[in-house]
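In the numbering used here, the protein residues as written are 596 to 1083.
Every residue, glycine too, gets a C-beta built ideally from N, C-alpha and C.
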């Protein structure tokens, strides 16, 4: 699954908003927590001082009624969960607690009586809850510790305030993320929609539809890109029209050139036999010629007429080739048949014929057996003629080997003949090109044509004085698009 540009933009926006919100929330939460703690401690200190101040008389006299009333008034504050007062002997002389309360903080404050002035309890006297270090350091005894008070304060308000803040921060962050994602989606849609149209148009153009244009909806960079794309498409369409016109003209010229070449080849192949026939016919028609001369030249006329018929038959086979009739044939059988039919003729002229047909060859091959036989026989004849052209006394060898690929069969026919010069190697598949005095120059072009109609390929390698190798490659499952036809 690909993560598109829109997804990356949304991810970046969400990450940025979340990161900034978390960072700002953390800093603000830390400051708020410190502020609430400071306010909490200040309230605790104030409440403790007040309690210590008003509790002196009750502690000094250990009057339970006064202390109980005092504690009841202290617990009227909802933030105070409990209070107890302990005398100087460590005995709890008054205590009250409120039910409930999970989070709390205790503070212990001394209750001190100022004895610096002579007075009685009924007269005026001073009370200090927290004497300074300077006062305590005085040599005379000015204070008396009556005991201490322990207050338990609830942290519920701080907890609720922080919880409310965190809830607000989370909701605000989620809303900001949602708003940012929505804005990013709308902006990306506005930006990416034209790009998607350009991509779709590119796909159509790649399939050949050069009439496709992208609508220009804006006048920004995207609109400029769309205009440039449309201009490019129009240029491509114009270039294709010009190219098609050029190709059509070139094809016409090549067609005329090929037709002229074929005509010249036919004229060349027909000229010599016709000249022989005409001159022989003139001799036969001459009454001054003897009967024996007439019979001999009549034979020449018959031979040249047969030669003309053969040439025309080969030309028609090349000009209007039959579609191959594809059937399943035994691979080894179709190869050995051509070899066996030709072996005796080769033995008669002293040429060895070797075969290399491994057992792992596919059992069947889909082809036209008659046309494949024609191809193999033609290549074997060429190999024989190449060896024979070296003169008598030269031993030669022809080797036919086959190899199976994943989806093709490769057949090689090699000879140890004279080889083909490089300047001729480029033309051996051209119609009417032949180095033989009695050749028509249609054998190899016909072979090449048959191989192509099977969806295969034919290549040649040759070295002068060493020999030639023709490599025939046939698909094991030929496509009907190649021109092959399966009979019904």
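No residue range can be given for residue 883, since it is assigned to no beta strand (DSSP E) and is classified by DSSP as neither H nor E. With a cutoff of 7 Å on beta-carbon distance, residue 924 and residue 960 are scored as near each other. Fewer than three pairs of CB atoms, one per stretch, sit closer than 8 Å, so the stretch 758-768 makes no contact with the stretch 787-807.
Annotated three-state conformation of residue 984 is coil, per DSSP. Judged by pairs of C-beta atoms under 8 Å, the stretch 1055-1070 touches the stretch 1000-1014, as three or more such pairs exist. Contact between the stretch 819-835 and the stretch 798-809 is present, with at least three C-beta pairs closer than 8 Å.
609 is the residue among 1026, 1071, 1045, 609 whose C-alpha sits nearest the C-alpha of residue 774. Following the DSSP letters along the chain, one finds residue 671 in no alpha helix (DSSP H), marked with neither H nor E. The three-state reading of DSSP puts residue 634 in helix, counting H, G and I together. Counting every other CB atom within 10 Å of its CB across the protein chains shown gives residue 1070 a total of 16 or more, marking it as buried. In the three-state DSSP reduction, residue 602 falls in the helix class (H, G or I). In the three-state scheme derived from DSSP, where H, G and I count as helix and E and B as strand, residue 968 is classed as helix.
Pairing residue 759 with residue 702, the inter-Cα distance amounts to about 27 Å.
A direct Cα-Cα distance of roughly 35 Å separates residue 663 from residue 628. Residue pairing from DSSP places residue 1057 in a beta bridge opposite 1063. The Cβ atoms of residue 834 and residue 604 lie no closer than 7 Å to each other.
Separation of residue 973 and residue 1049 (C-alpha to C-alpha, rounded to the nearest whole angstrom) is 17 Å. Under the three-state reduction of DSSP, residue 685 is assigned to coil, being neither helix nor strand. A distance below 8 Å between beta-carbons, with the five flanking residues on each side excluded, links residue 950 to the following residues of its chain, in chain order: 930, 931, 934, 994, 995, 996. For residue 1037, there is no enclosing beta strand (DSSP E), as DSSP marks it with neither H nor E. The Cβ-Cβ distance between residue 632 and residue 749 does not fall below 7 Å. Taking the CA atoms as reference points, residue 618 sits about 56 Å from residue 832. For the 7 Å CB-CB criterion, residue 772 and residue 612 form a contact. No residue range can be given for residue 813, since it is assigned to no beta strand (DSSP E) and is classified by DSSP as neither H nor E.
Annotation: the continuous alpha helix (DSSP H) that includes residue 756 extends over 751-801. Assignment of residue 693 by DSSP, reduced to helix, strand and coil, places it in the coil class. Beta bridge pairing from DSSP links residue 1069 with 1004. For the pair residue 1013 and residue 992, the CB atoms are not nearer than the 7 Å cut-off. In chain order, 1005 place their CB closer than 7 Å to the CB of residue 998, counting only its own chain and leaving out the 5 sequence neighbours on each side. Going by C-alpha positions, residue 970 is about 11 Å away from residue 963.
When the alpha-carbon of residue 699 is set against those of 671, 690, 753, 687, the nearest one is in 753. Residue 666 is a Cβ neighbour of residue 691, given a cutoff of 7 Å.
Contact between residue 875 and residue 896 holds: their C-beta atoms lie close to 5 Å from each other, under 8 Å. Comparing C-alpha distances from residue 1020 to each of 671, 1059, 939, 1001 shows the shortest one belongs to 1059.
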